[in-house]
């Protein structure tokens with residue numbers, strides 16, 4: 004069983020390191036554009052500021068408006084605790100935990116959209132509708148990716164599934180999961196996190212009426228989700244579990260940085276896709292994962 | 041034996057790349073991307089005979105070079121030229137949507153892999169992706185031919201179809217004279233020439249390359 008200190012360290016790591024990622028992305032974007040950009044720690048300042056502010060409540064809103072962000076945050080945090088970190092393993096691991104992971108992510112999304120609908124604004128309803136309709140496709144890709152890992156290792160426990168990585172289909176799976184990462188975290192080809200044009204917003208539209216601590220929870224949850232997907236992508240492609248603890252920690256840190264920089268570069272070099280083109284890219288991600296599944300399957304048979 | 045294993049691994053990788061290019065061709069919404077995908081696929085297929093031969097053979101090398109030159113550079117060049125001179129719109133106009141055709145193509149690819157396992161192949165071809173790759177390319181070609189309304193994208197569909205037939209022909213590389221392949225290549229080139237001219241004519245007569253407009257022709 005894991006010691007108390009180790010769990011505290013892991014929780015602190017997730018909570019403290021997650022807001023670093025959006026800062027790095029913004030720094031990369033600023034660097035490519037030749038600007039100085041906001042400081043890397045900007046999100047920490049934002050979170051601190053938001054935490055001290057009060058909450059503005061709509062007269063229409065039920066307690067779900069506050070509960071939504073809270074449940075979302077807890078669900079993402081739970082998913083993060085289930086994800087094994089190389090040889091260190093997961094904080095909580097049992098047979099079939101991958102199913103719980105997928106459902107926790109779905110729960111997080113459900114609660115975000117629920118809180119968005121609570122405001123009674125048509126605008127936020129529109130953002131929620133967009134989020135959910137893209138989620139249908141990106142979730143299919145994510146489930147296929149998980150299935151690939153499961154078929155490859157013949158296990159439904161995350162710790163065993165992620166230990167040897169995807170093998171032959173790793174390139175396909177990596178590309179597919181990177182698309183899923185961009186879609187799930189509302190990054191550029193799918194959504195623009197900086198936009199304030201109502202016609203193009205997805206995630207930002209949903210959280211417009213949130214303020215104060217709930218907004219801080221949403222922002223921190225989004226940062227944790229980004230870190231979560233980056234780690235999932237890395238562990239699916241690189242066999243981190245087989246390395247020694249120090250090498251694994253170094254690999255994880257370097258790869259998370261690489262993924263974050265890649266997201267920043269994608270964001271600087273690509274334009275947002277038109278809405279009608281997004282399903283095509285998500286279908287491509289699904290197919291990439293599907294072909295990785297085929298490779299894993301066929302490779303297992305031969 | 042080990043070398044052979046490695047060669048068939050490289051071959052399968054190349055065929056997998058060709059299958060991926062099939063899907064790229066189905067998903068691309070701009071004509072230059074489509075033509076580029078077909079050109080790269082031509083080059084990839086052109087390399088294959090060199091890998092399949094155990095000894096270096098002048099005729100095989102010549103045919104491989106010829107295939108690469110014609111499929112990778114001459115035909116795409118002609119298509120690009122036709123596109124430029126006829127000043128065609130760069131958008132591909134699908135009558136089967138991109139997502140639908142992508143799903144059709146990948147469904148076809150998976151079905152091809154499944155089907156080729158059921159076929160009674162020679163033992164030396166059992167582990168290779170040649171047959172599934174060929175069937176998948178033929179199916180992709182059909183989808184492109186049926187589902188795109190511009191003449192140039194239909195030509196690209198025809199080229200993908202021909203690539204599929206060529207892949208199937210590679211199975212018999214030791215048995216059939218390479219002249220047959222050379223003949224097919226010549227036919228395709230002539231076909232592209234003719235299409236290039238026709239494309240220009242259609243564009244002049246109708247101010248558009250939409251082949252659906254040809255349906256209303258009367259005597």
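Chains as they are written, first to last, in this note's numbering: chain U, 4 to 305; chain W, 41 to 259. All C-beta atoms, glycine included, are put in the ideal place defined by N, C-alpha and C. Note that the coordinates shown come from a computational prediction; the quantities given were computed from them, not determined experimentally.
Report all residues from its chain with a CB closer than 8 Å to the CB of residue 304 (chain U); omit the five preceding and five following residues, and keep chain order. Confidence is the limiting factor: at residue 304 (chain U) the pLDDT is only 46, short of 50, which leaves the residue's position unreliable, though a coordinate-based value still follows. Contacts found: none.
Point to revise | Exposed unless 16 or more other CB atoms sit within 10 angstroms - verdict on residue 55 (chain U) | key: exposed
- Using a Cβ-Cβ cut-off of less than 8 Å, list which residues of the segment 156 to 174 of chain W approach chain U; keep chain order. 167
Item to check | Among W:236, W:115, W:213 and W:131, the one whose alpha carbon lies nearest that of residue 226 (chain W) | outcome: W:115
Check your understanding: For a contact meaning CB atoms closer than 8 Å, what does residue 192 (chain U) contact in chain W?
Key -> The premise fails here: residue 192 (chain U) is roughly 14 Å from chain W at the closest Cβ pair, so nothing lies under 8 Å.
_residue 194 (chain U) versus residue 26 (chain U): straight-line alpha-carbon distance, rounded_ = 18 Å
### Query
Could you give the distance in angstroms between the alpha-carbon of residue 142 (chain W) and the alpha-carbon of residue 72 (chain W)?
18 Å
Q.
Suppose contacts are defined by Cβ-Cβ distances below 8 Å. Is residue 93 (chain U) in contact with residue 86 (chain U) by that definition?
A. yes
Taking only the alpha-carbon atoms, compute the straight-line gap between residue 41 (chain W) and residue 88 (chain W) and give it to the nearest angstrom.
At residue 41 (chain W) the pLDDT is 45, less than 50, meaning the model places this residue with poor confidence; the figure from the coordinates comes in the next sentence. Taking the straight line from one Cα to the other gives about 19 Å.
Minimum Cβ-Cβ distance from residue 151 (chain U) to chain W less than 8 Å:
no
Handout entry: Distance between residue 49 (chain U) and residue 35 (chain U) (C-alpha atoms, nearest Å)
Key = 23 Å
Any C-beta of chain U sitting closer than 8 Å to the C-beta of residue 96 (chain W)? no
**Prompt:** How many Å lie between residue 177 (chain U) and residue 240 (chain U) at the Cα?
**Reply:** 6 Å
> Considering only C-alpha positions, which residue in the set U:299, U:223 and U:288 is nearest to residue 111 (chain U)?
Replying inline: U:223
Report task. Just the C-alpha distance for residue 232 (chain U) and residue 299 (chain U), rounded to the nearest angstrom, thanks. Result -> 21 Å
So, does the CB of residue 41 (chain W) fall closer than 8 Å to a CB anywhere in chain U?
Low confidence applies here, because residue 41 (chain W) scores a pLDDT of 45, under 50, leaving its location unreliable and the question unanswered by this model.
Q. If you draw a straight line from the C-alpha of residue 52 (chain W) to the C-alpha of residue 79 (chain U), how long is it?
A. 41 Å
*asked:* If I follow the unbroken alpha helix (DSSP H) through residue 203 (chain W), where does it start and stop?
replied: 191 to 210
*asked:* Looking at the strands, I want to know which residues DSSP matches up with residue 131 (chain W).
replied: W:70
Anyone know if the C-beta pair for residue 32 (chain U) and residue 270 (chain U) falls short of 8 Å?
yes
**OP:** Give a yes or no on whether the minimum CB-CB distance between residue 139 (chain W) and chain U is below 8 Å.
**Re:** yes
- Item | Straight-line Cα distance separating residue 185 (chain W) from residue 235 (chain U) | 40 Å
| Under 8 Å by beta carbon: chain W residues contacting residue 282 (chain U) | 139
Residue environment, residue 174 (chain W), which counts as buried when at least 16 other CB atoms sit within 10 Å:
buried
Mind listing the chain U neighbours of residue 144 (chain W)? Cutoff is C-beta to C-beta under 8 Å, in chain order. Chain U residues near residue 144 (chain W): none, gap ~11 Å exceeds 8 Å.
Taking 7 Å as the cut-off, is the beta-carbon of residue 162 (chain U) closer than that to any non-hydrogen atom of the ligand ATP?
Of ligands this structure carries none, so the ligand ATP is not represented either.
_Cβ of residue 273 (chain U) within 8 Å of any chain W Cβ_ = no
How is residue 250 (chain W) classed by DSSP in three states: helix, strand or coil? strand
Item to complete: Check residue 188 (chain W) in the structure and name its three-state DSSP category.
Response: strand
Margin query: Checking 8 Å against the spacing of the C-beta atoms, do residue 315 (chain U) and residue 47 (chain U) come in under that value?
Written below: Past the boundaries of the shown model lies residue 315 (chain U); chain U is included only from 4 to 305, so the question cannot be answered.
Original post:
Below 8 Å between beta carbons: does that hold for residue 147 (chain U) and residue 292 (chain U)?
Top reply: yes
ask   = Which residues of chain U have a Cβ atom closer than 7 Å to the Cβ of residue 152 (chain W), listed in chain order?
value = Simply none; closest approach about 11 Å.
Look up residue 228 (chain U) in the DSSP assignment and say whether it is helix, strand or coil. helix
Judging by CA-CA distance, which residue of U:227, U:260 and U:266 is the nearest neighbour of residue 14 (chain U)? U:227
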